[in-house]
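This note's numbering puts the first residue of the sequence shown at 18, with every later residue one more than the last.
C-beta: ideal position from N, C-alpha, C; glycine also.
Bear in mind the structure is a predicted one, so any value in this text is a computation, not a measurement.
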Amino acid sequence: MLELLEVLARAFLLLGRLILEAGAVLDISLRIPGRCLLRCLWPPHWFQPRSYPGWLESAAGCVFWLLLMLGLYYLDQNLSNWMSS
């Protein structure tokens with residue numbers, strides 16, 4: 018359980034760093050991946066294109082980047098364990 022909390026904390030810190038480094042393009046770096054994630058996963062959009070509120074696109078963008086960071090972290094841990102054994 019402690020490992021999971023550590024992974025989540027590191028992922029949030031990486032996401033925070035990404036947001037800080039993005040600076041003025043914060044809107045682009047969160048909303049575009051969020052919009053794509055919503056279009057892929059949200060069934061009402063499959064039948065008729067919809068527009069989403071900005072906060073929802075930004076929240077989905079945060080989820081996208083968080084999942085990406087978690088995946089990269091686990092990949093890094095598994096590769097380092099595999100290389101050391």
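- Query: What is the DSSP secondary structure of Arg52, reduced to helix, strand or coil?
  - Reply: Taking the first residue of the sequence shown as 1, we reach residue 52 at position 35. In this structure, Arg52 counts as helix in the three-state DSSP scheme.
- Cβ-based burial, Glu38 [other Cβ within 10 Å; buried from 16]: What you label residue 38 is simply residue 21 of the sequence shown in a count that begins at 1. Result: exposed.
- Given Leu58 as reference, the closest of Asp93, Leu21 and Ala77 once Cα atoms are compared: By one-based count along the sequence shown, residue 58 stands at place 41. Nearest of Asp93, Leu21 and Ala77 to Leu58, Cα basis: Ala77.
- Item | Local conformation of Tyr69 per DSSP, three classes | By 1-based counting over the sequence shown, the position of residue 69 is 52. Coil, per DSSP.
- Message: Could you give the first and the last residue of the continuous alpha helix (DSSP H) run that contains Trp59?
- Response: Within the sequence shown, the letter at position 42 stands for residue 59. Taken as a continuous stretch (DSSP letters only), Trp59 belongs to no alpha helix (DSSP H), as it is neither H nor E.
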